[in-house]
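Input: a single structure, listed below in structure tokens.
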Amino acid sequence: GENVEQHPSTLSVQEGDSAVIKCTYSDSASNYFPWYKQELGKRPQLIIDIRSNVGEKKDQRIAVTLNKTAKHFSLHITETQPEDSAVYFCAPHSGGGADGLTFGKGTHLIIQP
Amino acid sequence: EAGVVQSPRYKIIEKKQPVAFWCNPISGHNTLYWYRQNLGQGPELLIRYENEEAVDDSQLPKDRFSAERLKGVDSTLKIQPAELGDSAVYLCASSLENIGTEAFFGQGTRLTVV
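Have a look at this one:
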């Protein structure tokens, strides 16, 4: 099965600064790379995803970059705001589609006012 | 359109008792997942259905856990008997298909075993 690691486990940044969270995976057949955001007491929700034929994708203040050779992808949040405080999970889709989403352990992002 | 609906939201039971969770996925979604999330951890897959077929149940503790998805729509997850270590949030999710599509999560059932 897929081995997924996220770094860092906790990230504290000043409001307005940028945050970067990295996810490494083991299955070279992984082809779909989503990031989920989970606020305290709420359900995980997709915030951005990327497929294996694309290197980068942006959506306003959020971007995801993919390095398939090195088997990692990263979440970038610019101009961070208090509402960005949450736990972020990467969930690479392994097995070329044969397997489901394998979630990382999460990164707790804290935005300091 | 309604999202993924789970019930109950909260459940407190004594150890050794049975418990069941119910999930109604988004209409038209063929893939249904049950995840377990412990405090401070990421969701861990228990079982995945494609329509009514369980295609991945390798992480489901089959001695006490069972699941079904009748007619490829609603699903139930059962624990019998429950143990203290089963206390967690049980999340149901659905997606149009398994390959490269967004998974939509329900609000989860928070189980406390005492």
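Listed in order, the protein sequences are those of chains A and B. Quick note on this note's numbering: the first sequence kicks off at 1 and runs consecutively. Quick note on this note's numbering: the second sequence kicks off at 114 and runs consecutively. For each residue, glycine too, the CB sits at the ideal point set by N, CA and C. Quick caveat: nothing in here was measured; it's all calculated off a predicted structure.
Thinking just about the alpha-carbon of each residue, which of the options is nearest to the one in residue i?
i: F89 (chain A); options: A:D49, A:Q81, A:E15 and A:E79; result: A:D49
i: T69 (chain A); options: A:T24, A:S12 and A:N3; result: A:T24
i: N164 (chain B); options: B:K129, B:E210 and B:C136; result: B:E210
i: P174 (chain B); options: B:G198, B:T214, B:G153 and B:E166; result: B:G198
i: H76 (chain A); options: A:S26, A:Q14, A:A19 and A:G106; result: A:A19
i: A216 (chain B); options: A:I21, A:I47, A:L109 and A:S30; result: A:I47
i: L66 (chain A); options: A:T78, A:P92 and A:V13; result: A:P92
i: E83 (chain A); options: A:I111, A:Q14 and A:S9; result: A:I111
Under 7 Å Cβ-Cβ, which residues of chain B neighbour residue i?
i: H72 (chain A); result: The contacting residues do not exist; H72 (chain A) stays about 17 Å from chain B at best.
i: K37 (chain A); result: Near K37 (chain A) there are no residues of chain B at all, since even the closest Cβ is about 11 Å away, more than 7 Å.
i: N3 (chain A); result: Ordered by position in chain B, no residue passes the 7 Å Cβ test against N3 (chain A), which lies about 13 Å from the chain.
i: N31 (chain A); result: G213
i: H93 (chain A); result: G213
Whole angstroms are fine: how far does the CA of residue j sit from the CA of residue i?
i: F178 (chain B); j: S85 (chain A); result: 35 Å
i: K42 (chain A); j: N53 (chain A); result: 32 Å
i: A180 (chain B); j: L152 (chain B); result: 23 Å
i: F33 (chain A); j: K129 (chain B); result: 39 Å
I'd like the list of long-range same chain contacts for residue i, defined as Cβ closer than 7 Å, with 5 residues on each side in sequence excluded.
i: P121 (chain B); result: T222
i: R92 (chain B); result: The displayed coordinates of chain B run from 114 to 227. Any statement about residue 92 (chain B) would go beyond what the structure contains.
i: Y203 (chain B); result: F134, W147, R149, L190, G221, T222 and L224
If the cut is a Cβ gap below 8 Å, which residues of chain A does residue i touch?
i: L204 (chain B); result: R43 and P44
i: Y232 (chain B); result: A query on residue 232 (chain B) cannot be resolved here, the shown segment of chain B reaching from 114 to 227 and no further.
Along chain B, which residues have their Cβ under 8 Å away from the Cβ of residue i?
i: Y88 (chain A); result: Going along chain B, no residue has its Cβ under 8 Å from Y88 (chain A), so there is no contact; the nearest lies around 10 Å.
Among the residues of its own chain, which have a CB less than 6 Å from the CB of residue i, if the five just before and after it don't count?
i: E5 (chain A); result: T24
i: T214 (chain B); result: S208
Give the DSSP bridge partners of residue i, in chain order.
i: K191 (chain B); result: B:A133 and B:S179
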